[in-house]
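As C-alpha cells, the structure follows; a few thoughts come after it.
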Amino acid sequence: MAKTIVEKIFSRICERDMSAGDVMMAPVDGAMIHDITGPLAIHKFHEMGGERVFDPSKVIMLFDHQVPADSISAAELQQFMRSFASEQGIFNYDLREGVCHQVVLEKGRAAPGEIIVGSDSHTCMYGAVGAFATGIGSTDMGFVLRYGALYFRVPESIRVDVSGTFPEWVGAKDFILSLAGDIGADGATYQALEFTGEAIRRMDMAGRMTCCNMAIEMGGKAGIVPPDKTTWAYVGERRDSVPFDLASDEGASYAAWKSYDVSDLEPQVAVPHNVDHVVAVGEVAGTPVDQVFIGSCTNGRFEDFRDVAGILGNRRFSDDVRVIIIPASREEYLKTLRAGYIERFVEAGALVEAPCCGPCMGGAFGLLAPGEVSLSTSNRNFRGRQGSAEAEVYLASAATAAATAIAGEITDPREVV
Amino acid sequence: MNGRGHAVCLGADIDTDVIIAGRYLRTKDRSVWAARVLEDLDPSLAARLQGAVIVAGSNFGCGSSREQAPVALREAGVIAVIAPSFARIFFRNAINVGLPVIEAEGVPCAGGEEIAFSLDEHWVEAGGMRIPFRPLSPKMQEILAAGGLVSFWRARE
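Sequences listed follow chains A and B, in order. Counting from 1 along the first sequence, just add 302 to a position and that's the residue number in the numbering used here. Counting from 1 along the second sequence, just add 79 to a position and that's the residue number in the numbering used here.
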C-alpha cells in the first residue's frame with residue numbers, strides 16, 4: 303500500500319507495516335530535555351522506578367530557557383540536572399551551545415528516518431532533516447528516559463505543496479505564517495504537515511527549520527520535509543550518513559492536500575494574541591513598537607541575520623526601540639560574528655546577547671511592561687508570552703523585524719531597502 | 080469514573096502560557112503553579128477552581144508542551160476539563176497526570192451551575208441536558224482511574 307513519509311518512518315522503525323491510526327510502542331532514536339521541562343521529567347523517571355536511563359548516548363541535555371541562571375531557583379534546577387547527567391553518564395551541552403532545537407540539528411543528533419522526542423513543543427523542527435520528531439510532556443519523557451520507547455499513534459498527514467519563487471525579502475516565515483492564517487491554530491491537530499514542492503526543494507535548511515518549527519502552531523504533531531540533496535548535505539557534514547530514499551509514495555493517502563504559490567506572497571504578520579491571526583504587513587504598517595526581538599529557534603540563524611544586515615545597511619536602529627538580537631546557537635553566533643554582522647548590529651544600537659531563548663518564552667529577560675508592543679521573530683504571540691498580559695506581541699520574519707527596528711513602527715521590508 | 084462540580088466557563092484557544100506563564104516555571108513548587116494558574120486571563124480565577132469543571136472552547140491547551148499546565152489545573156482543584164477539542168500534547172499530558180479531559184461538543188456553560196460527568200458511560204450533564212461524548216480509550220480510562228501514568232505503571236509492575 304502506498305505510504306506517506308511518516309507511515310514509512312514508523313514502518314521502518316517498528317519493522318512492520320504501519321499506517322495512519324495505528325497505535326504502537328515505538329523505540330526512539332533520541333530524547334531531548336532542557337532546563338524548564340527536564341527537572342519534572344527526571345522526577346517522573348524516578349517516580350516510575352527508574353534507576354538508569356535507557357541509553358545515555360541517546361539522551362540530549364542542555365539549558366537554554368533561563369540561562370545564565372536568572373534566579374536562585376533556576377540555578378537549583380540546573381544544578382539538579384547537572385548532577386543527574388553526571389550520575390547517568392549523559393553528555394550535557396549545558397548552557398554553552400544555545401537553543402535546544404538548533405543544537406540538536408547542528409550537532410547531528412537527528413537524521414532522516416529517525417524518531418526523536420523532546421520535552422518541548424517545538425521539537426517538531428527536526429522534521430527539517432526528515433526525522434519524525436514531536437514534543438511530549440514530562441511524564442511521557444520520564445517513561446522514555448526509563449524505557450527508550452513510547453506509545454505513538456501514527457498520524458494522518460496533510461500534504462502542503464508549495465510552488466513558485468519567493469519575492470525578494472519574503473521567505474519561509476512569511477509562508478508558514480500565511481499557512482497558519484489559512485488553516486488555523488488547530489488546522490493540523492493530531493496530524494503531520496508534510497512540506498513538498500519546488501519552493502521547498504529550493505529552500506535552504508534554515509527556511510525548512512522555520513517551517514517545521516511552526517507546525518505545532520497549527521496543532522501539528524510533526525512537520526516534515528522529505529530528505530533531498532540539501533538535507534543529506536547538511537546531515538553529512540554533521541555525522542556519518544548514507545543517503546537513502548525516503549519520500550511519500552505516489553498515491554499515499556492524505557487527510558488533506560493544500561497547494562500554495564508563493565510568487566506573489568507579501569510579508570506576513572501575526573497580530574496579538576493568536577498565531578493564526580495573520581495579515582499582510584501593509585494592514586498593520588505604522589503600528590509603533592517598543593521592542594524588536596530577532597532570534598529564537600524559529601528565526602535565530604545566520605540566514606536571518608544576513609537578512610537583517612541586508613535591510614540595515616549602514617543605518618541605525620530607531621532610538622525609540624529596544625532591539626534585542628540573539629543568535630540561536632554558538633555556531634550561528636560565530637557565523638554571524640565572522641561575517642561582521644554582530645559589529646554592525648551593535649554599532650546600529652542593538653543589544654546582542656549570547657545564544658538562548660531570550661524573551662521568547664517570557665521566563666527570563668527582555669520582558670514587556672503593560673501596554674508595550676513588541677515585534678518578534680519567534681513563534682508565539684500568546685497573551686503574556688513575553689511579559690505582561692497587557693502587552694502585545696506581533697510575529698514576523700527577520701526582514702520585517704529589521705525594517706520595523708529601523709523605522710520604530712511596523713514596516714514592510716521592501717519599503718526601506 | 081464519575082464526577083460533579085461547579086462550572087467555570089472559558090473561551091477558545093486557551094494556551095498553556097495563559098494556563099501557567101513561563102515566569103512561574105523556574106520552580107518545582109506545585110503550590111506556586113496552583114496559585115498562579117490562569118492568572119494572565121483573570122487573576123481571580125485560581126481561587127474559584129476548587130471543585131470546578133472547566134467548560135472551554137476548542138483547541139484547549141494549545142502551545143507549549145509544559146506539563147506544569149495540567150498539573151497546575153489539577154493542583155488548583157479542577158476535577159475535569161470539557162472542550163470540543165484539545166491540543167494534542169496537553170490532552171496526553173492531562174491523562175498522564177490524572178486530569179480528566181472530555182471532548183464534547185455543545186455543552187452549555189453557566190458559571191457556578193452544577194455540571195456532572197461520567198467517563199465510564201461517557202456523558203456530561205449540564206443545563207438540564209445529557210450530552211454524550213466520544214469515550215476515551217479503555218487504556219486512557221485505566222490511567223485516569225489510577226490517578227495518572229506513574230501510578231498506573233507502578234501498579235502494573
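For each residue, glycine too, the CB sits at the ideal point set by N, CA and C. Keep in mind that this is a model prediction, so the values were computed, not measured.
Cβ-based neighbour list, residue i, same chain, cut-off 7 Å, excluding 5 preceding and 5 following
| i | result |
| --- | --- |
| residue 487 of chain A | 519, 520, 521, 576, 577, 578 |
| residue 590 of chain A | 675, 710, 711 |
| residue 193 of chain B | 83, 85 |
| residue 189 of chain B | 86, 206 |
| residue 480 of chain A | 567, 570, 580 |
| residue 104 of chain B | 145, 147 |
| residue 127 of chain B | 87 |
| residue 227 of chain B | 175, 176, 177 |
| residue 718 of chain A | 613, 705, 708, 709 |
| residue 241 of chain B | Residue 241 of chain B is absent from the structure shown; chain B starts at 80 and stops at 236. |
| residue 637 of chain A | 604 |
| residue 554 of chain A | 304, 305, 306 |
| residue 114 of chain B | 125 |
| residue 599 of chain A | 401, 403, 404, 424, 427, 515, 630 |
Beta-carbon contacts of residue i that lie in its chain and below 8 Å, excluding the five residues immediately before and after
| i | result |
| --- | --- |
| residue 674 of chain A | 592, 593, 689, 690, 693, 694 |
| residue 455 of chain A | 323, 324, 325, 492 |
| residue 352 of chain A | 444, 447, 448 |
| residue 534 of chain A | 414, 543, 545 |
| residue 110 of chain B | 154 |
| residue 696 of chain A | 571, 572, 573, 574, 586, 589, 591, 675, 676, 677, 678, 683, 712 |
| residue 530 of chain A | 503 |
| residue 584 of chain A | 568, 714 |
| residue 383 of chain A | 335, 337, 340, 341, 344, 363, 365, 394 |
| residue 357 of chain A | 450 |
Beta-carbon separation (whole angstroms), residue i vs residue j, contact threshold 8 Å
| i | j | result |
| --- | --- | --- |
| residue 410 of chain A | residue 541 of chain A | 4 Å |
| residue 627 of chain A | residue 654 of chain A | 5 Å |
| residue 187 of chain B | residue 206 of chain B | 4 Å |
| residue 508 of chain A | residue 605 of chain A | 4 Å |
| residue 412 of chain A | residue 435 of chain A | 6 Å |
| residue 460 of chain A | residue 490 of chain A | 6 Å |
| residue 201 of chain B | residue 217 of chain B | So it is not a contact: roughly 12 Å between Cβ atoms. |
| residue 431 of chain A | residue 537 of chain A | 6 Å |
| residue 457 of chain A | residue 501 of chain A | Not quite, the Cβ-Cβ distance comes to about 24 Å (not below 8 Å), so this is no contact. |
| residue 182 of chain B | residue 166 of chain B | Contact doesn't hold; Cβ gap of about 12 Å is too wide. |
Neighbourhood of residue i by C-beta, 6 Å cutoff - its chain only, sequence neighbours within 5 removed
| i | result |
| --- | --- |
| residue 81 of chain B | 197 |
| residue 561 of chain A | 463 |
| residue 588 of chain A | 711 |
| residue 625 of chain A | 594, 619, 652, 707 |
| residue 224 of chain B | 80 |
| residue 195 of chain B | 83, 204 |
| residue 720 of chain A | For chain A, the structure presents residues 303 to 719; residue 720 of chain A sits outside this window and is missing. |
| residue 731 of chain A | The structure shown has nothing for residue 731 of chain A, since chain A only spans 303 to 719. |
| residue 485 of chain A | 520 |
| residue 511 of chain A | 427, 430 |
DSSP beta-bridge partners of residue i
| i | result |
| --- | --- |
| residue 139 of chain B | B/165 |
| residue 696 of chain A | A/677 |
| residue 326 of chain A | A/454 |
| residue 320 of chain A | According to DSSP, residue 320 of chain A bridges with nothing at all. |
| residue 85 of chain B | B/131, B/193 |
| residue 683 of chain A | Its beta-bridge partners do not exist; DSSP assigns none. |
| residue 582 of chain A | A/570 |
| residue 333 of chain A | A/361, A/419 |
| residue 711 of chain A | A/590 |
| residue 689 of chain A | A/670 |
| residue 654 of chain A | A/627 |
| residue 434 of chain A | A/417 |
| residue 400 of chain A | A/631 |
| residue 366 of chain A | Bridge partners of residue 366 of chain A: none, in fact. |
_What ranges does the alpha helix (DSSP H) occupy inside the region 496-579 of chain A, keeping only unbroken runs of at least 4 residues that lie completely in it?_
Within the region 496-579 of chain A, the complete alpha helix (DSSP H) runs of at least 4 residues are 500-503, 507-515, 531-538.
*Those runs of the beta strand (DSSP E) which lie wholly inside the region 148-234 of chain B and span at least 3 residues*: Entirely contained in the region 148-234 of chain B, the beta strand (DSSP E) runs reaching 3 residues are, in chain order, 159-162, 180-182, 193-197, 202-205, 208-211.
*At a cut of 8 Å, does the region 318-328 of chain A reach the region 119-128 of chain B through at least three beta carbon pairs?*
The answer is no - the region 119-128 of chain B does not touch the region 318-328 of chain A, with fewer than three Cβ pairs under 8 Å.
*Give, in chain order, every unbroken run of the alpha helix (DSSP H) that is at least 4 residues long and sits entirely within the region 586-641 of chain A.*
Whole alpha helix (DSSP H) segments, 4+ residues: 598-601, 604-614, 632-640.
_Count Cβ pairs between the region 82-96 of chain B and the region 132-151 of chain B that sit closer than 8 Å; are there 3 or more?_
Contact holds: three or more Cβ-Cβ distances are below 8 Å.
*Should the region 133-153 of chain B be called in touch with the region 523-535 of chain A, which here means at least 3 C-beta pairs below 8 Å?*
With a cut-off of 8 Å, the region 523-535 of chain A and the region 133-153 of chain B do not count as touching, because too few Cβ pairs lie within range.
*Per the contact definition of three or more C-beta pairs closer than 8 Å, is the region 468-483 of chain A in contact with the region 362-381 of chain A?*
As far as the Cβ criterion goes, the region 362-381 of chain A does not touch the region 468-483 of chain A, which means the pair count is below three.
*Please determine if the region 391-409 of chain A and the region 360-368 of chain A are in contact, where contact requires at least 3 C-beta pairs separated by less than 8 Å.*
Taking a cut-off of 8 Å on C-beta distances, the region 391-409 of chain A touches the region 360-368 of chain A, as three or more cross pairs fall below it.
*Write down every uninterrupted run of the alpha helix (DSSP H) in the region 436-493 of chain A whose length is 4 residues or greater and which is fully enclosed by it, in chain order.*
Taking only runs of at least 4 residues, the alpha helix (DSSP H) segments lying wholly in the region 436-493 of chain A are 440-449, 474-485.
*Does the region 655-672 of chain A come within contact of the region 638-645 of chain A, defined as at least 3 CB pairs closer than 8 Å?*
Taking 8 Å as the limit for Cβ pairs, the verdict is that the region 638-645 of chain A does not touch the region 655-672 of chain A.
_Quick check: the region 697-704 of chain A against the region 165-183 of chain B, are at least 3 beta-carbon pairs closer than 8 Å?_
Verdict: no, contact absent.
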